[in-house]
Amino acid sequence: MSKTLTTCPYCGTGCALYLLTDDAGRLIGVEPSATHPTSRGQLCVKGWNAHAFVHHPERLTTPLIRKNGQLQPASWEEALDLMARRLLELAQTHGPETLMFLSSAKATNEENYLLMKLARAVFGSNNVDHCARLCHASTVVGLAETFGSGAMTNSIACFEQADCILVTGSNTTEQHPLIGARILQAKGRGTKLIVADSRRIRLARVADLHLRQRNGSDVALLNGMMHVILREGLEDRDFIASRTENFAALQQEVAGWTPQRAAAITGLEPAQIVEAALLFARAEKAMLVYSMGITQHSHGVDNVRAVANLALLTGNLGRPGTGVNPLRGQNNVQGGCDMGALPDVLTGYQKVADHAVREKFAAAWGVNNLPETPGLMATEAMNRAAAGGMKGFFILGENPLLSDPDQGHVRRALENLEFLVVQEIFLSETAQLADVVLPAACYAEKAGTFTSTERRVQRVRQAVAPPGEARSDWEILGELAQRAGYDGMRYSDPSEIMAEIAALTPSYAGIDYARIDQLGLCWPCPDKGHPGTPILHRERFTRGLGRFSPTGYLPPAELPDADYPLLLTTGRTYFHWHTGTMTRRSHLLDREERTAFVEVSPEDARQLGLLEGEEVQVASRRGEISARARITEMVPTGTIFLPFHFAEGAANALTHNVLDPEAGIPEFKVCGARIRKLP
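Per this note's numbering, the sequence shown starts with residue 1310, numbered consecutively.
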């Protein structure tokens, strides 16, 4: 038996584990790293099963090309030649702006870098994006505006040093279990815990204060808390005077947000808002933790601004045990952003609109020029495809038919394309619609790096060979570039790609494989002698001064009404991950949660005459699905919850394709719905 140290492929926590391989070269289990600062000898249930899907018989093993309406096996040469020819034809005939390149938070940093390089240097398009658009696009915009950097400000180790933790919109023990465990451990040592979540999640059961605010009312809650803090004189005046700007504008905005006004919108009692404000502001070290319950709204950027404002007001930045800490939902969604798999930036958030930046990258890549106009967001491209304005999509490791809002709309968009390529490890629901499907190696079959939610860049190592003819994403992208006439993507090893990234990216300049071999490093790491930066904004903010960005309250785009009287919210479960492509092919995980379900409160179940476990129809203005009723006090009366893992009961057949006007993120957390018993 052999052991290979690598990084977990699931959430963004970044746990290190060993893949255990038998003498026949097959994975037989995993073992946590006892010395890694994140995992510390522990894994969650998904981490313990991170090997289980790798050898599944449904793995893609050969390229597929659609012929006579059916996907049929093909050679690599045939598939890559067809791809290069069709993508070039579409770019030349209709313009590169009609192509979309969707990268992946499941792929490595090196592969995200190469896909965005392919889009820009080879096909001349800034239409490159990835699933951050669906989860933390609001964070990137909101925190970049207020702090200058759209990433988690502190390290995971800081959770144990906080005196007070406010968790809002994050079911941490289920979605980031080892971080959730740190919060529980801190609570056991006396840390005050405030949980703001409409569902009675596990953290809420041990919290000092559980705020069950109405979904979508976060700005009202946070503005109400800041009103109380200013009223009581608990703001950090020295920090505000020396390290921030635009404070007067915040004062003016929150002056009218009395606890009574905030309570009327949130559904809370005024006294609860006062108690939350005092608990947070009186702590010497207070930390904010959030996830998609804050970001996935039509006003998600405003929610992030309000979170940042609260941290600035109380001086809880730049110190251990403090900070604004958005928890990234996928193993490399932070890295995908860092690598420029976004329509408006290159690596390290260097703007495509900056002439000097474009000249630097064009010189390094050996091209005459690069496109200067920011490209389309993934959600914008999908809307344009539905309207007939896009011609070709290249989708790497994403499954938008299950992950994007309004499934019917997404299907129409993808079917409208002239050419669709999907690069995947399984024949996902999206891949089934493709003209070309390319079989990719999974994390256990290739080398590279992932960047965790705490900005820790760490190694991914190959433990076993890919199945059949499957290849690493970085190898496939290099081959495609050559067939498209570009010779600047020839690499013998992913370490060469990282060296190129480091040369072009100031925040990664000190990163190389030798330095991150065992424990990784947190960016920014500007040179080879730098130890990394676990805590941002210690002496100054990335933008200089932290900027208060006051915001008013906007309601969700679609609220319950007489026709759809229930509020539908969506999310993940403990045992599954995203669209279930990997976890539903992991026997022990699938055994625990096999079918689609909908959480319904006991009172709503009584009024609707529902029984535990019976199949019901759940409908919205976009569609309808069937699911098993799960009657639970987890959800408040008037709210239902659907996980989005299950293709046969797809929550996103119901969700609303309304977008935040700045970040382009959909409103997954609120729409009107109804339930009825099936005959």
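C-beta: ideal position from N, C-alpha, C; glycine also. Note that the structure is a prediction, hence the values are computed from the model and not measured.
Name the one or two DSSP bridge partners that tyrosine 1327 has. For tyrosine 1327, which the question treats as bridged, DSSP gives the partners Leu1314 and Glu1340.
N-terminal and C-terminal residue of the alpha helix (DSSP H) that tyrosine 1296 is part of: With the chain covering 1310 to 1988 only, the question about residue 1296 has no answer from this structure.
Quick check on the DSSP output: what are the complete alpha helix (DSSP H) runs of length 4 or more inside the stretch 1595-1653, in order along the chain? Fully enclosed alpha helix (DSSP H) runs of no fewer than 4 residues occupy 1601-1604, 1609-1623 and 1642-1647 of the stretch 1595-1653, in order along the chain.
Straight-line CA distance for histidine 1606 to glutamine 1561? The straight-line gap separating the alpha-carbon atoms of histidine 1606 and glutamine 1561 is approximately 25 angstroms.
Determine the DSSP secondary structure at glutamine 1379, reduced to helix, strand or coil. It is a strand residue.
Under DSSP, the alpha helix (DSSP H) around leucine 1487 begins and ends at which residues? Counted as a single uninterrupted DSSP element, the alpha helix (DSSP H) harbouring leucine 1487 occupies residues 1486-1497.
Phenylalanine 1589 lies in the alpha helix (DSSP H); which residues open and close that run? Residues 1579-1591.
Proximity to histidine 1365 [Cα-Cα], best of Leu1336, Asp1821, Leu1877 and Glu1738: Histidine 1365 has its Cα closest to that of Leu1336, out of Leu1336, Asp1821, Leu1877 and Glu1738.
Got a sec, what are the start and stop residues for the alpha helix (DSSP H) phenylalanine 1548 sits in? From DSSP, the alpha helix (DSSP H) with phenylalanine 1548 extends over 1546-1552.
List the endpoints of the continuous alpha helix (DSSP H) containing valine 1257. Nothing in the structure corresponds to residue 1257, since the chain is present only between 1310 and 1988.
Alpha helix (DSSP H) runs wholly inside the stretch 1357-1423, at least 4 long, in chain order: The stretch 1357-1423 contains these whole alpha helix (DSSP H) runs: 1385-1403.
Exposed or buried, histidine 1954, counting other C-beta atoms within 10 Å across all chains shown (16 or more means buried)? Per the 10 Å Cβ criterion, buried.
In this structure, how does DSSP classify proline 1975 when only helix, strand and coil are distinguished? Proline 1975: strand per DSSP, three-state reduction.
Which complete beta strand (DSSP E) runs does the stretch 1649-1715 hold, if anything under 3 residues is left out? At a cut-off of 3 residues, the continuous stretches assigned as beta strand (DSSP E) that sit fully inside the stretch 1649-1715 are 1701-1705.
Could you give the distance in angstroms between the alpha-carbon of cysteine 1467 and the alpha-carbon of leucine 1636? Counting only the Cα atoms, leucine 1636 lies some 14 angstroms from cysteine 1467.
Can you tell me the Cα-Cα spacing of methionine 1535 and leucine 1868, whole angstroms? Distance from the CA atom of methionine 1535 to the CA atom of leucine 1868, rounded to whole angstroms, is 26 angstroms.
By alpha-carbon positions, which one of Gly1855, Glu1419, Ile1582 and Asn1377 ends up nearest to tyrosine 1752? Of the candidates Gly1855, Glu1419, Ile1582 and Asn1377, Glu1419 places its Cα closest to the Cα of tyrosine 1752.
Between the Cα of methionine 1699 and the Cα atoms of Glu1593, Leu1898, Gly1684 and His1664, which residue gives the shortest distance? The shortest C-alpha separation from methionine 1699 is found at Gly1684.
Does the stretch 1400-1414 come into contact with the stretch 1763-1780, if we say contact requires no fewer than three beta-carbon pairs (one atom in each stretch) closer than 8 angstroms? A contact between stretches requires three or more CB pairs, one per stretch, nearer than 8 angstroms, and the stretch 1400-1414 fails this requirement with the stretch 1763-1780.
Consult DSSP for glutamine 1732 and reduce its assignment to one of helix, strand or coil. In this structure, glutamine 1732 counts as strand in the three-state DSSP scheme.
Using DSSP with H/G/I as helix, E/B as strand and the rest coil, what is arginine 1442? Here arginine 1442 sits in helix by DSSP.
Going by Cα to Cα distance, which pick from Asn1641, Gly1630, Met1596 and Thr1604 is closest to alanine 1620? It is Met1596 whose Cα lies nearest to the Cα of alanine 1620.
Using a 10 Å radius around the Cβ and a threshold of 16 neighbouring Cβ atoms, would you call leucine 1987 buried or exposed? Burial check for leucine 1987: the Cβ neighbour count within 10 Å stays below 16, so the residue is exposed.
Just to confirm, are valine 1925 and arginine 1985 a CB contact at a threshold of 8 angstroms? Contact flag set, yes.
Boundaries of the alpha helix (DSSP H) in which serine 1804 is found, first to last residue: Segment 1803-1813, the alpha helix (DSSP H) holding serine 1804.
Please report how far the alpha carbon of arginine 1508 lies from the alpha carbon of threonine 1882, in whole angstroms. Going by the C-alpha atoms only, they are around 13 angstroms apart.
Counted within 10 angstroms of its Cβ, other Cβ atoms place proline 1568 as buried (16 or more) or exposed: Classification of proline 1568: buried, given that the 10 Å Cβ count is 16 or more.
Counting only runs of 4+ residues fully inside the stretch 1837-1913, write out the alpha helix (DSSP H) ranges in chain order. Whole alpha helix (DSSP H) segments, 4+ residues: 1896-1901.
Phenylalanine 1354 in three-state terms, based on DSSP: Per the sequence presented here, residue 1354 reads as valine, with phenylalanine not at that position. Assigned with DSSP and collapsed to three states, valine 1354 falls in helix.
Contact set for leucine 1898: own chain, Cβ-Cβ below 8 angstroms, skip 5 residues either direction: Correct list, in chain order: Val1354, Lys1355, Asn1358, Ala1361, Phe1884, His1885 and Thr1892.
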